[in-house]
Amino acid sequence: MTLATSSDPAAAHAQTATDSWAKPADAVLQELDSQREGLMPHEAVRRLAVHGANELPAQQRTPALLRFLLQFNNALILFLLAAAALAGALGHWVDASVIVAVVTVNAIVGFVQEGKAEEALNALRSLLAPSARVLRAGQRASVPVATLVPGDIVLLEAGDRVPADLRLLRARGLLVDEAILTGESVASVKTEASVDAKAALGDREGMAYSGTLVAAGQGVGLVVATGSHTEIGRISSLLGSVQSLTTPLLRQVNQFGRRFTVLSIVVAGVLFAYAVGLRDMDWVDALMVVVAIAVSLVPEGLPAVITITLAIGVRRMAARHAIVRRLPAVETLGATTVICSDKTGTLTRNEMTACRVVTDSACIGVGGSGYAPVGAIDLPEGNEDLPTNARRLIEVGLLCNDAQLLQPEPGDWKVDGDPMEGALVALAMKAGLEPDALRAGHPRADEIPFDAQHRFMATLHVLADGGAQLLVKGAPERVLAMSSGQLDADGTTQPLDAAYWQRSIADAASAGERVLGFAMRRLDAAPPQLDFGAAGELVFLGIVGFIDPPRAEAMAAVADCRSAGIAVKMITGDHAATAAAIAAQLGLAEQPVVVTGQAIDAASDTELRALALQAHVFARADPAHKLRVVRALQAQGHVVAMTGDGVNDAPSLKQADVGIAMGNKGTDAAKEAAQIVLADDNFASIVAAVSEGRTVYDNIRKVIAWTLPTNGGEVLAIVAALMLGLTLPMTPPQILWINMILTITLGLVLAFEPAEPGVMQRLPRSPQAPLLSPFMLWRVAFVSVLFTVGVFAIMAWAQYRSFGTELARTMVVNVLCVMEIAYLFNVRYLHMGSFTWRGARGTPAVLWAIAAVVLAQLAFTYLPWMQALFDTRDVPLIDGLVILGVGVVLMAVLEVEKALLRRWGLFADLGAPATGGRPVPGEVSR
Numbered sequence: 000m001t002l003a004t005s006s007d008p009a010a011a012h013a014q015t016a017t018d019s020w021a022k023p024a025d026a027v028l029q030e031l032d033s034q035r036e037g038l039m040p041h042e043a044v045r046r047l048a049v050h051g052a053n054e055l056p057a058q059q060r061t062p063a064l065l066r067f068l069l070q071f072n073n074a075l076i077l078f079l080l081a082a083a084a085l086a087g088a089l090g091h092w093v094d095a096s097v098i099v100a101v102v103t104v105n106a107i108v109g110f111v112q113e114g115k116a117e118e119a120l121n122a123l124r125s126l127l128a129p130s131a132r133v134l135r136a137g138q139r140a141s142v143p144v145a146t147l148v149p150g151d152i153v154l155l156e157a158g159d160r161v162p163a164d165l166r167l168l169r170a171r172g173l174l175v176d177e178a179i180l181t182g183e184s185v186a187s188v189k190t191e192a193s194v195d196a197k198a199a200l201g202d203r204e205g206m207a208y209s210g211t212l213v214a215a216g217q218g219v220g221l222v223v224a225t226g227s228h229t230e231i232g233r234i235s236s237l238l239g240s241v242q243s244l245t246t247p248l249l250r251q252v253n254q255f256g257r258r259f260t261v262l263s264i265v266v267a268g269v270l271f272a273y274a275v276g277l278r279d280m281d282w283v284d285a286l287m288v289v290v291a292i293a294v295s296l297v298p299e300g301l302p303a304v305i306t307i308t309l310a311i312g313v314r315r316m317a318a319r320h321a322i323v324r325r326l327p328a329v330e331t332l333g334a335t336t337v338i339c340s341d342k343t344g345t346l347t348r349n350e351m352t353a354c355r356v357v358t359d360s361a362c363i364g365v366g367g368s369g370y371a372p373v374g375a376i377d378l379p380e381g382n383e384d385l386p387t388n389a390r391r392l393i394e395v396g397l398l399c400n401d402a403q404l405l406q407p408e409p410g411d412w413k414v415d416g417d418p419m420e421g422a423l424v425a426l427a428m429k430a431g432l433e434p435d436a437l438r439a440g441h442p443r444a445d446e447i448p449f450d451a452q453h454r455f456m457a458t459l460h461v462l463a464d465g466g467a468q469l470l471v472k473g474a475p476e477r478v479l480a481m482s483s484g485q486l487d488a489d490g491t492t493q494p495l496d497a498a499y500w501q502r503s504i505a506d507a508a509s510a511g512e513r514v515l516g517f518a519m520r521r522l523d524a525a526p527p528q529l530d531f532g533a534a535g536e537l538v539f540l541g542i543v544g545f546i547d548p549p550r551a552e553a554m555a556a557v558a559d560c561r562s563a564g565i566a567v568k569m570i571t572g573d574h575a576a577t578a579a580a581i582a583a584q585l586g587l588a589e590q591p592v593v594v595t596g597q598a599i600d601a602a603s604d605t606e607l608r609a610l611a612l613q614a615h616v617f618a619r620a621d622p623a624h625k626l627r628v629v630r631a632l633q634a635q636g637h638v639v640a641m642t643g644d645g646v647n648d649a650p651s652l653k654q655a656d657v658g659i660a661m662g663n664k665g666t667d668a669a670k671e672a673a674q675i676v677l678a679d680d681n682f683a684s685i686v687a688a689v690s691e692g693r694t695v696y697d698n699i700r701k702v703i704a705w706t707l708p709t710n711g712g713e714v715l716a717i718v719a720a721l722m723l724g725l726t727l728p729m730t731p732p733q734i735l736w737i738n739m740i741l742t743i744t745l746g747l748v749l750a751f752e753p754a755e756p757g758v759m760q761r762l763p764r765s766p767q768a769p770l771l772s773p774f775m776l777w778r779v780a781f782v783s784v785l786f787t788v789g790v791f792a793i794m795a796w797a798q799y800r801s802f803g804t805e806l807a808r809t810m811v812v813n814v815l816c817v818m819e820i821a822y823l824f825n826v827r828y829l830h831m832g833s834f835t836w837r838g839a840r841g842t843p844a845v846l847w848a849i850a851a852v853v854l855a856q857l858a859f860t861y862l863p864w865m866q867a868l869f870d871t872r873d874v875p876l877i878d879g880l881v882i883l884g885v886g887v888v889l890m891a892v893l894e895v896e897k898a899l900l901r902r903w904g905l906f907a908d909l910g911a912p913a914t915g916g917r918p919v920p921g922e923v924s925r
């Protein structure tokens with residue numbers, strides 16, 4: 000049977016996936032009508048049409064009706080519905096209708112906006128769609144995991160998530176973490192061997208199952224099952240579920256809302272008792288007043304607005320190449336004080352170029368930049384061609400190499416594989432070598448893949464005379480330690496001059512270059528399998544220096560961080576001298592302080608805390624060092640963002656307050672451990688995300704700073720009139736009208752505010768900062784009093800003008816709306832003055848909301864049916880101007896108050912410049 004003729008995809012899967020582990024690999028290849036070079040592209044397309052996408056069934060979405068009804072499952076909303084029911088039972092149908100309208104409109108807005116937020120998060124999942132490396136028609140390619148089909152040949156390496164059920168054709172040191180299927184915490188050893196058909200899943204050495212993680216080594220596998228036909232598909236374990244819209248801040252707000260509801264009920268009960276017992280009000284009238292007061296106090300739209308604010312922040316971050324996987328990261332970013340970043344590809348361009356070749360007697364310069372195979376090689380004086388040892392070195396660099404150079408467009412060269420290996424291919428082409436021809440003439444028989452533990456790669460090549468040669472490249476110190484001789488310019492083996500090579504390595508590193516060492520060994524015969532025992536007694540050929548210049552945008556981003564009070568610390572596996580040179584170019588410090596991995600090992604946890612604060616660069620660091628550095632910084636109270644890309648970076652990414660994985664070069668293991676994934680692997684995107692995180696938190700503060708004082712001002716005016724025995728400035732329906740019209744307009748627009756100027760010139764906020772800071776509490780009290788003064792001032796004006804109570808109350812409703820608009824313009828800029836052209840102009844959202852409020856108030860004031868419903872009267876033009884004047888006065892008072900508070904420095908959360916605040920961690924006093 001072959002897939003090419005199968006008309007039943009499910010049957011085909013069943014016959015090939017159930018016992019593939021029990022058959023020899025070649026037999027499974029034949030059964031699936033495939034070959035080790037992979038499928039032809041057109042055949043892959045045909046099979047995709049037959050078998051469908053390699054993905055599990057989508058998670059069932061909550062029905063729209065249920066999502067709408069869930070909008071009412073909130074303590075604040077249930078309280079309002081109870082108030083509406085009570086009003087209706089007492090025959091106050093206008094009051095009941097307005098309360099129901101408030102609740103319904105709030106539910107509709109929440110339903111629509113949260114739906115958009117979920118859609119935005121779902122759309123972001125597509126940006127994280129994984130890819131797999133395959134062989135098709137003998138060529139390596141990267142394809143979306145969803146397009147894999149039975150018969151595809153997949154390439155695996157450490158850190159990959161297995162994309163489908165695979166029958167292994169080749170395994171070298173391959174360990175696979177199968178915990179999601181077996182619960183076994185120890186990674187399973189994988190080989191090409193077949194096992195008994197009845198073997199348990201955890202004993203199937205020749206299989207790698209979809210969803211498991213490659214812990215170490217390399218492998219090649221044949222796809223035998225995809226989608227719901229895989230093992231993980233059979234147990235219906237859905238991966239990558241939709242991110243729920245909940246965060247610690249939202250939970251805090253919801254808890255605050257519940258407590259506020261209880262407080263509102265208590266206050267309403269006390270006021271009711273006072274009005275009936277001491278003021279002899281009719282109990283029904285008193286009840287409707289306190290119900291209206293309680294409804295005004297309750298900030299029912301606050302959770303929905305904050306959810307919308309977070310979702311907008313997520314969308315803005317995605318537009319700046321930072322994809323948020325977990326919503327709490329949005330909040331935490333605004334409080335970040337230290338960013339620990341990898342060097343290569345994040346702070347630098349990750350476009351390596353071989354710039355020097357050093358042999359036993361010459362230092363050969365190489366021109367060009369990037370991966371384009373264009374550039375001159377500076378031959379040693381008196382040489383018309385490359386010396387023998389230099390040519391052999393370049394050949395080893397090409398053969399002990401898995402990368403390919405591609406030219407998708409003329410002049411645009413890309414590397415498929417490791418950047419340094421790509422630079423070696425470009426170097427070989429500059430030297431006149433043809434990669435395909437040289438590799439075809441020296442077929443690879445076996446290999447030891449590069450691993451962070453042994454720090455070298457070795458390949459075995461069979462020679463025509465029956466012998467073999469072992470080619471090695473890796474960290475120069477490691478390759479030197481494995482060598483016993485060196486090759487001279489004539490191709491003769493000489494004793495190893497270790498001191499000379501150490502000086503050459505140091506010279507290259509001091510120039511900011513990364514360095515690889517190269518060696519080889521002639522064997523009389525090829526061993527059955529290459530192991531570490533053969534990697535000794537090597538002949539050292541020389542070193543190659545590579546440059547990877549800093550990104551221009553990274554240098555600007557580092558400067559932004561320093562002005563924002565955020566320390567940037569580079570953690571790299573490179574030499575100390577190399578790392579220091581790049582750090583100086585980036586502007587981490589004028590004289591970067593470098594701490595090596597050896598020093599980290601020697602330091603106790605207490606000593607490391609001081610080292611972590613002082614250092615700008617951690618060189619020769621491994622993943623364990625990263626984890627200790629993060630913990631040391633957190634122990635000092637810092638909020639740490641950490642970047643990572645490797646499978647071994649997962650612990651430090653989880654430990655960090657914000658784990659940031661690389662989207663391009665990052666492994667699946669790193670991405671799953673991280674809260675944020677960078678689509679472009681660019682450090683500048685981290686800083687852009689921090690800026691957006693600060694903006695999101697600013698906007699949430701603005702929403703709270705606007706909602707609570709405006710609600711408080713309305714209520715305080717009513718309570719003051721009730722306590723003083725004065726005419727109530729508004730009727731219950733009018734109170735409810737204000738609450739409804741402003742909640743669905745002005746209450747939403749602050750979620751859409753852009754960043755304030757200077758958002759990255761402020762110190763990070765404290766992660767322990769309360770939801771209601773001292774400044775917010777002051778604003779609630781101060782603005783509530785100002786609103787109350789405004790209400791009674793307009794009542795006094797109406798009395799002075801000999802207006803009736805109905806017109807006076809109409810003017811009060813309008814003056815409250817005007818004051819709330821004026822306060823909105825003030826609160827849009829908490830860290831600067833609002834009397835600017837930019838402040839007056841507003842955003843489109845603000846202008847549309849104000850237009851809606853103005854139209855609603857004109858209808859409320861002048862339309863006959865609205866006058867009948869709410870007992871309002873026409874407001875004369877001159878009095879309308881007075882109402883507008885109250886708003887201007889309020890704005891002026893609040894601007895003066897804001898300026899004075901900033902000058903006096905009474906509240907830290909008004910934002911002092913970073914340059915005048917606490918020193919940036921890592922700045923060493925001189």
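If you're matching positions, the sequence shown starts at 0 in numbering that gives the first Met the number 0 and goes up one per residue. Idealized CB from N, CA, C, for every residue including glycine.
Next item on the list: To the nearest angstrom, report how far apart R608 and H615 are at their CA atoms.
Entry: Residue numbering aside, residue 608 sits at position 609 when the sequence shown is read from its first letter. Residue numbering aside, residue 615 sits at position 616 when the sequence shown is read from its first letter. The alpha-carbon atoms of R608 and H615 are separated by roughly 13 Å.
Note to self: Measuring alpha carbon to alpha carbon, tell me which residue in R808, L889 and V788 is nearest P797.
What the structure shows: For this step, residue 797 is matched to residue 798 along the sequence shown. According to the sequence shown, residue 797 is Ala rather than Pro. Minimum Cα distance to A797 is reached at R808.
Check: Rounded to whole angstroms, how far is the Cβ of T577 from the Cβ of E512, which I believe are closer than 8 Å?
Finding: Sequence index remark: in the sequence shown, residue 577 carries index 578 (1-based). Sequence index remark: in the sequence shown, residue 512 carries index 513 (1-based). T577 to E512, Cβ: 6 Å. Contact.
Notebook entry, point to check: Below 8 Å between beta carbons: does that hold for A334 and P769?
Noted result: By one-based count along the sequence shown, residue 334 stands at place 335. By one-based count along the sequence shown, residue 769 stands at place 770. Their beta carbons are not under 8 Å apart, which means A334 does not touch P769 by this criterion.
Next item on the list: Could you tell me the distance, in whole angstroms, from the CA atom of A898 to the CA atom of G832?
Entry: Position 899 of the sequence shown, counted from the start, is the residue given in the question as residue 898. Position 833 of the sequence shown, counted from the start, is the residue given in the question as residue 832. Roughly 7 Å separates the two Cα atoms.
Check: Around the Cβ of V543, are there at least 16 other Cβ atoms within 10 angstroms (buried) or fewer (exposed)?
Finding: Walking along the sequence shown from the start, residue 543 turns up at place 544. So V543 ends up on the buried side.
Checklist line | Candidates V99, R827 and A556, of which the one nearest T936 by Cα | finding: Because residue 936 is not part of the residues shown, which for the chain are 0 to 925, the question remains open.
Notebook entry, point to check: Pick from T146, R872 and N400: whose alpha carbon is nearest that of A54?
Noted result: What you label residue 54 is simply residue 55 of the sequence shown in a count that begins at 1. Checking the sequence shown, residue 54 turns out to be Glu, not Ala. Ranking the options by Cα distance to E54, first place goes to T146.
Next item on the list: Could you check which residue in G87, I322 and A293 has the C-alpha nearest to that of R673?
Entry: On the sequence shown, residue 673 is found 674 positions in, with the first residue counted as 1. Per the sequence presented here, residue 673 reads as Ala, with Arg not at that position. Out of G87, I322 and A293, I322 has the C-alpha closest to the C-alpha of A673.
Check: Is it right to say S235 is buried, meaning 16 or more other beta carbons lie within 10 angstroms of its own, or is it exposed?
Finding: As a working mapping, residue 235 is identified with position 236 in the sequence shown. The pLDDT assigned to S235 is 44, lower than 50, so where the model puts this residue is not dependable; a value taken from the coordinates is nonetheless given after this. Its Cβ having fewer than 16 others within 10 Å, S235 is exposed.
Next item on the list: Answer yes if the stretch 698 to 705 comes into contact with the stretch 336 to 343, meaning at least three C-beta pairs across the two stretches below 8 Å, and no otherwise.
Entry: no
Checklist line | Reduced DSSP category for A474 - H, G, I as helix; E, B as strand; rest coil | finding: Within the sequence shown, the letter at position 475 stands for residue 474. Note: A474 maps to coil in three-state DSSP.
Check: Quick one: Cα of T742 to Cα of I820, how far?
Finding: Your numbering for residue 742 matches position 743 in the sequence shown. Your numbering for residue 820 matches position 821 in the sequence shown. Distance between the alpha carbons of T742 and I820: 12 Å.
Next item on the list: Counting only the same chain and skipping the five closest in sequence on each side, list residues whose C-beta sits under 7 Å from that of G916.
Entry: Numbered from its first residue, the sequence shown carries residue 916 at position 917. With a pLDDT of only 37 at G916, under 50, the local geometry of the prediction cannot be trusted, and the value read off the model is given with reservation. The answer, listed in chain order, is G564 and L762.
Note to self: Using DSSP's beta-bridge definition, name the partner residues of E156.
What the structure shows: By one-based count along the sequence shown, residue 156 stands at place 157. E156 is bridged to Q217.
Next item on the list: For the beta strand (DSSP E) holding G421, just list the boundary residues, first then last.
Entry: As a working mapping, residue 421 is identified with position 422 in the sequence shown. Careful: G421 lies outside any beta strand (DSSP E), inside the alpha helix (DSSP H) at P418 to K429.
Check: Roughly how many angstroms separate the alpha carbons of T871 and W864, rounded to a whole number?
Finding: In the sequence shown, the residue the question calls residue 871 occupies position 872. In the sequence shown, the residue the question calls residue 864 occupies position 865. Answer to the nearest angstrom: the Cα atoms are 10 Å apart.
Notebook entry, point to check: What do you reckon, are the CB atoms on T787 and L715 nearer than 8 Å?
Noted result: Here residue 787 is taken as the residue at index 788 of the sequence shown, counted from 1. Here residue 715 is taken as the residue at index 716 of the sequence shown, counted from 1. Yes, the pair counts as a contact, with Cβ atoms nearer than the cut-off.
Next item on the list: State yes or no: is the C-beta of L607 nearer than 7 Å to some heavy atom of the ligand NAD?
Entry: With respect to small molecules bound, the structure shown includes none, and the ligand NAD cannot be examined in it.
Checklist line | Same chain, Cβ closer than 6 Å to H12, five either side skipped, listed in chain order | finding: Within the sequence shown, residue 12 is the residue found at index 13, counting from 1. A caution first: H12 carries a pLDDT of 40, below 50, which makes its placement in the model too unreliable to give a value.
Notebook entry, point to check: When burial is assigned at 16 or more other CB atoms within 10 Å of the CB, is I504 buried or exposed?
Noted result: Locating residue 504 in the sequence shown gives position 505, where the first residue counts as 1. By the neighbour-count rule (16 or more Cβ atoms within 10 Å), I504 is buried.
Check: Taking all protein chains shown into account, do 16 or more other C-beta atoms lie within 10 angstroms of the C-beta of N663, making it buried, or fewer, making it exposed?
Finding: Against the sequence shown, residue 663 aligns to sequence position 664. The residue in question, N663, is exposed, as its Cβ has fewer than 16 Cβ neighbours within 10 Å.
Checklist line | Proximity winner among T458, A850, H453 and H830, relative to A480 (alpha-carbon distances) | finding: Here the question's residue 480 lines up with position 481 in the sequence shown. Checking every option, the nearest Cα to that of A480 belongs to H453.
Next item on the list: Taking the CB atoms as reference points, tell me whether T352 and A303 lie closer together than 8 Å.
Entry: By 1-based counting over the sequence shown, the position of residue 352 is 353. By 1-based counting over the sequence shown, the position of residue 303 is 304. No, the pair does not count as a contact, with Cβ atoms beyond the cut-off.
Next item on the list: Note down the Cα distance separating L652 from I793, rounded to an integer number of angstroms.
Entry: Here residue 652 refers to the residue found at position 653 of the sequence shown. Here residue 793 refers to the residue found at position 794 of the sequence shown. Straight-line Cα distance between these residues: approximately 58 Å.
Item checked: N- and C-terminal bounds of the alpha helix (DSSP H) containing E191 -> As a position in the sequence shown, residue 191 is number 192, starting the count at 1. E191 -> no alpha helix (DSSP H), and no H or E assigned at all.
Notebook entry, point to check: DSSP beta-bridge partners for Q590?
Noted result: As a position in the sequence shown, residue 590 is number 591, starting the count at 1. Answer is none; Q590 lacks a bridge partner.
Notebook entry, point to check: Taking just the CA atoms, how far does M739 sit from D873?
Noted result: One-based indexing of the sequence shown puts residue 873 at position 874. One-based indexing of the sequence shown puts residue 739 at position 740. Roughly 21 Å between the two C-alpha positions.
Notebook entry, point to check: Excluding sequence positions up to five away, which residues of its chain have a Cβ less than 6 Å from the Cβ of P418?
Noted result: The sequence position of residue 418 within the sequence shown is 419, counting from 1. Counting only Cβ-Cβ distances below 6 Å, and skipping sequence neighbours, we find N349 and M351.
Next item on the list: Throw me the rounded Cβ distance for the N825 and L893 pair, which I believe falls under 8 Å.
Entry: Taking the sequence shown and counting its residues from 1, the one referred to as residue 825 is at position 826. Taking the sequence shown and counting its residues from 1, the one referred to as residue 893 is at position 894. Yes, N825 and L893 are in contact; Cβ-Cβ is about 4 Å, under 8 Å.
Margin query: Quick check: the Cα distance between I98 and L77, rounded to an integer number of angstroms?
Written below: Within the sequence shown, the letter at position 99 stands for residue 98. Within the sequence shown, the letter at position 78 stands for residue 77. Their Cα atoms are separated by approximately 11 Å.
Next item on the list: Could you tell me whether the stretch 582 to 598 touches the stretch 615 to 629, where touching means 3 or more Cβ pairs closer than 8 Å?
Entry: yes
Notebook entry, point to check: Given 8 Å as the limit, is there contact between the stretch 24 to 37 and the stretch 203 to 221, that is, 3 or more CB pairs closer than that?
Noted result: yes
Notebook entry, point to check: Given that a residue counts as buried once 16 or more other Cβ atoms are within 10 Å of its Cβ, and exposed if not, what is G904?
Noted result: Looking up residue 904 in the sequence shown gives position 905. With fewer than 16 Cβ atoms within 10 Å of its Cβ, G904 is classed as exposed.
Notebook entry, point to check: Does the distance from the CB of V538 to the CB of Q485 come in under 8 Å?
Noted result: The residue labelled residue 538 in the question sits at position 539 within the sequence shown. The residue labelled residue 485 in the question sits at position 486 within the sequence shown. Yes, these two residues count as a Cβ contact at 8 Å.
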